[in-house]
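The structure appears right after this line, and notes come after that.
Numbering (the working numbering), first residue to last: 1044 to 1213.
Written as structure tokens, this is what we have:
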């Protein structure tokens, strides 16, 4: 992404310290992210990650490494659980979860994969509707009505409606 900016390490340290101090449970992990790879280079991003680990971050997220070699370098330099951001078409190459784990990446994000798949499906459905006026040919690519109702747990909500008298309203 173009136009990224990063705050000074001093300002970031204050923000990270505030997050650590505000933590109310040991089960709440603090992930320190840096976008410095895009603005200051990989070595500066690694230095920020190392500093943030020393300050108490539980995991380190160096955003947008551009190659497998860069990811390996991050993994060798920062001895902490690392975050990988797998975005199809993004700056970072798509790597399998097992390969990422071997490099030290323990939290792996796929933030847009489902959205991209849904967008692709939406485009195809709309094209088919425009072309033929029906979705009949696409039925095998859709969940059934019953599957959808099961997925959204419709019966659970029907029971709640009945329990609280909501099903009697018009």
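Beta carbons are placed, not taken as given, at the ideal position from N, Cα and C, and that holds for glycine.
Legend entry - Alpha-carbon to alpha-carbon, residue 1120 and residue 1093: Taking the first residue of the chain shown as 1, we reach residue 1093 at position 50. Taking the first residue of the chain shown as 1, we reach residue 1120 at position 77. Approximately 8 Å between the Cα atoms of the pair.
Legend entry - CB-CB length for residue 1131 against residue 1155, believed under 8 Å: On the chain shown, residue 1131 is found 88 positions in, with the first residue counted as 1. On the chain shown, residue 1155 is found 112 positions in, with the first residue counted as 1. With a Cβ gap of about 7 Å, residue 1131 and residue 1155 count as contacting.
Inset, instruction - Provide the residue span of the alpha helix (DSSP H) that contains residue 1192, from first to last. - result: Mapped onto the chain shown, residue 1192 falls at position 149. It spans 1188–1194 - the alpha helix (DSSP H) in which residue 1192 sits, taken as one unbroken run.
Legend entry - Those residues which DSSP pairs with residue 1216 across a bridge: What is shown of the chain runs 1044 to 1213, which leaves residue 1216 out entirely.
Inset, instruction - Excluding the 5 residues preceding and the 5 following residue 1080 in the sequence, name in chain order all residues of the same chain whose CB lies nearer than 7 Å to its CB. - result: In the chain shown, the residue the question calls residue 1080 occupies position 37. Hits under 7 Å: 1088, 1105, 1106, 1107, 1108.
Inset, instruction - Can you tell me which of 1188, 1161, 1167 puts its alpha carbon nearest to the alpha carbon of residue 1180? - result: Residue mapping note: residue 1180 aligns to position 137 of the chain shown, counting from 1. When C-alpha distances from residue 1180 are compared across 1188, 1161, 1167, the shortest belongs to 1167.
Legend entry - Helix, strand or coil at residue 1126 according to DSSP, with G and I counted as helix: For this step, residue 1126 is matched to residue 83 along the chain shown. If DSSP states are grouped into helix, strand and coil, residue 1126 belongs with the strands.
Inset, instruction - Check whether the Cβ atoms of residue 1072 and residue 1102 lie closer than 8 Å to each other. - result: Position 29 of the chain shown, counted from the first residue, corresponds to residue 1072. Position 59 of the chain shown, counted from the first residue, corresponds to residue 1102. A distance below 8 Å separates the beta carbons of residue 1072 and residue 1102.
Legend entry - For residue 1148, the three-state DSSP class (helix, strand or coil): Along the chain shown, one-based indexing puts residue 1148 at 105. Here residue 1148 carries a strand assignment [DSSP, helix/strand/coil].
Inset, instruction - Pick helix, strand or coil for residue 1155, following the three-state DSSP scheme. - result: Along the chain shown, read from residue 1 onward, the residue named residue 1155 stands at position 112. Residue state, collapsed to three classes: coil.
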